[in-house]
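A.B. asks:
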């Protein structure tokens, strides 16, 4: 497999429907040299990022066009990855270790073909139904009447202020 294009996450790997972001993520997690900073969980259903500062500085720039951990996490979220929160952490309590764990149902160690099932979330404005955007002529008339009333009140207030100044 060959990578084509930059680290935008929308570029696919030749011969597959897997975006470059996911292939790069898979490659860096599979790389034993990165294990001290990012590796599979023992069961292979998730992966851990250790020492976010060091990971951002040393690993991200080698695989992506940035060293921003927030951007990396945002990209994970856009592909449907979820941060794993352990019960002993209480959910709201910040963990003592600088360790984050992420999971996706189709991102599993040894199951690379499943990557084709992971799709980037698309926010599409056209999903809003046009019927929801339409207003009845009665609604428009009421709004225009209200605007005219407000204008009249504003003119009255303006003239009262002018009279008070004199």
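In the UniProt record's numbering, the protein residues as written are 1 to 166. No residue lacks a Cβ here, since even glycine has one placed at the ideal position from N, Cα and C. Note that this is a predicted model, so its numbers are computed, not measured.
1) CA-CA distance, residue 32 and residue 40?
2) What residue from 80, 77, 26, 36 has the CA that sits closest to residue 63's CA?
3) Rank 144, 135, 142, 77 by C-alpha distance to the C-alpha of residue 118 and give the top, closest one.
4) Checking 8 Å against the spacing of the C-beta atoms, do residue 167 and residue 37 come in under that value?
5) Could you check if residue 61 is buried or exposed, using at least 16 other CB atoms within 10 Å of its CB as the buried criterion?
6) Below 8 Å, can you find three or more Cβ-Cβ pairs linking the stretch 145-160 to the stretch 107-122?
7) Tell me whether residue 10 is buried or exposed, calling it buried when 16 or more other Cβ atoms sit within 10 Å of its Cβ.
8) I need the boundaries of the beta strand (DSSP E) containing residue 46, first residue and last residue.
9) Residue range of the beta strand (DSSP E) that residue 169 falls in?
10) Are residue 47 and residue 29 touching if we call contact CB-CB under 8 Å?
11) With DSSP run on the structure shown, which of helix, strand or coil describes residue 58?
12) In whole angstroms, what is the alpha-carbon distance linking residue 67 and residue 43?
13) Give the single residue among 79, 87, 122, 113 whose Cα lies nearest to the Cα of residue 103.
14) Closest by CA to residue 69, which one among 81, 52, 101?
15) What residues in its chain sit with their C-beta under 7 Å from that of residue 6, if we drop five residues either side in the sequence?
C.D. replies: Well, looking at it:
1) 10 Å
2) 26
3) 77
4) Not covered by the structure: residue 167. The range shown for the chain is 1 to 166.
5) exposed
6) no
7) Reliability of the predicted coordinates at residue 10 is poor, the pLDDT of 42 falling under 50, and the value obtained from them is presented with this limitation in mind. Label assigned to residue 10: exposed.
8) 46-50
9) For residue 169 there is no data in the structure shown, the boundaries of the chain being 1 and 166.
10) yes
11) helix
12) 28 Å
13) 79
14) 52
15) Caution applies to residue 6, whose pLDDT of 41 falls short of 50 and renders its modelled position unreliable; the model cannot decide the point.
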